[in-house]
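Novice: Each residue of the sequence shown is one higher than the last, beginning at 9 in our numbering. For glycine and all other residues, C-beta sits at the position ideal for the given N, C-alpha and C. Keep in mind that this is a model prediction, so the values were computed, not measured. Sending over a structure as structure tokens; questions will come in a sec.
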Amino acid sequence: QVQLVESGGGLVQAGGSLRLSCAASGTIFSINAMGWYRQAPGKQRELVAHITSGGITNYADSVKGRFTISRDNAKNTLYLQMNSLKPEDTAVYYCNTVPFRYYYWGQGTQVTVSS
Numbered sequence: 009q010v011q012l013v014e015s016g017g018g019l020v021q022a023g024g025s026l027r028l029s030c031a032a033s034g035t036i037f038s039i040n041a042m043g044w045y046r047q048a049p050g051k052q053r054e055l056v057a058h059i060t061s062g063g064i065t066n067y068a069d070s071v072k073g074r075f076t077i078s079r080d081n082a083k084n085t086l087y088l089q090m091n092s093l094k095p096e097d098t099a100v101y102y103c104n105t106v107p108f109r110y111y112y113w114g115q116g117t118q119v120t121v122s123s
């Protein structure tokens, strides 16, 4: 059974940085594009960054230049380095395949950016 477990969230001031991690069990990781999604209160979940199995990355305009997605296939771990954080980045962050599979959603990790 595949599990995705996110960690690394927290409370940070605007302009600060956080690094999120997503540990994947099972065999999905190395063969799939993976992504970081986020859901802010009252808003729909959105894809903010994704990376192919070959390492090609893509970002939402709202995070481009501030966030960096990476993956370690040997460790089955996905990362999101978030710099220059803004209050509008406040959300629960999730990892999943791209496109997502509903049965892979985990608990997510809360990121709160104070102004």
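#1: By how many angstroms is the C-alpha of Gln-118 removed from the C-alpha of Gln-89?
#2: For Tyr-87, collect the residues of the same chain with a Cβ closer than 6 angstroms to its Cβ; drop the 5 residues on either side in sequence, then sort them by chain order.
#3: In chain order, which beta strand (DSSP E) runs of at least 3 residues are fully inside the region 78-110?
#4: Could you check the C-alpha separation between Trp-113 and Gln-47 for me, to the nearest Å?
#5: Counting C-beta neighbours from all protein chains within 10 Å, is the total for Tyr-111 16 or more, i.e. buried, or is it exposed?
#6: Could you pull out every residue in the same chain whose Cβ sits closer than 6 angstroms to the Cβ of Val-71, ignoring the five residues on either side in sequence?
#7: Starting from Ala-68 and walking both ways along the beta strand (DSSP E), at which residues does that stretch end?
#8: Using the C-alpha atoms, what's the distance from Val-121 back to Gly-23?
#9: Looking at the unbroken beta strand (DSSP E) that takes in Ala-41, where does it start and where does it end?
#10: Applying the criterion that 16 or more other CB atoms from any shown protein chain within 10 Å of the CB defines a buried residue, is Asp-97 buried or exposed?
Specialist: In terms of the structure at hand:
#1: Locating residue 89 in the sequence shown gives position 81, where the first residue counts as 1. Locating residue 118 in the sequence shown gives position 110, where the first residue counts as 1. Rounded to whole angstroms, Gln-89 and Gln-118 show a C-alpha spacing of 15 angstroms.
#2: Start at 1 with the first residue of the sequence shown, and residue 87 comes out as number 79. Excluding positions up to five away in sequence, the list reads Ser-29 and Ser-78.
#3: At a cut-off of 3 residues, the continuous stretches assigned as beta strand (DSSP E) that sit fully inside the region 78-110 are 85-90 and 99-105.
#4: In the sequence shown, counting from the first residue as 1, residue 113 sits at position 105. In the sequence shown, counting from the first residue as 1, residue 47 sits at position 39. Rounded to whole angstroms, Trp-113 to Gln-47 spans 12 angstroms at the Cα level.
#5: For the purposes of this step, residue 111 is taken as the residue at position 103 of the sequence shown. By the Cβ neighbour-count rule, Tyr-111 is exposed, with fewer than 16 other Cβ atoms within 10 Å of its own.
#6: Here residue 71 is taken as the residue at index 63 of the sequence shown, counted from 1. The residues Val-56, in chain order, have a CB closer than 6 angstroms to that of Val-71 in the same chain once the five nearest residues on each side in sequence are set aside.
#7: Counting from 1 along the sequence shown, the entry for residue 68 is found at position 60. Bounds of any beta strand (DSSP E) do not take in Ala-68, whose DSSP letter is neither H nor E.
#8: Residue 23 sits at position 15 when you count from the first residue of the sequence shown. Residue 121 sits at position 113 when you count from the first residue of the sequence shown. The straight-line gap from Cα to Cα measures roughly 9 angstroms.
#9: Looking up residue 41 in the sequence shown gives position 33. Ala-41 -> no beta strand (DSSP E), and no H or E assigned at all.
#10: By one-based count along the sequence shown, residue 97 stands at place 89. By the neighbour-count rule (16 or more Cβ atoms within 10 Å), Asp-97 is buried.
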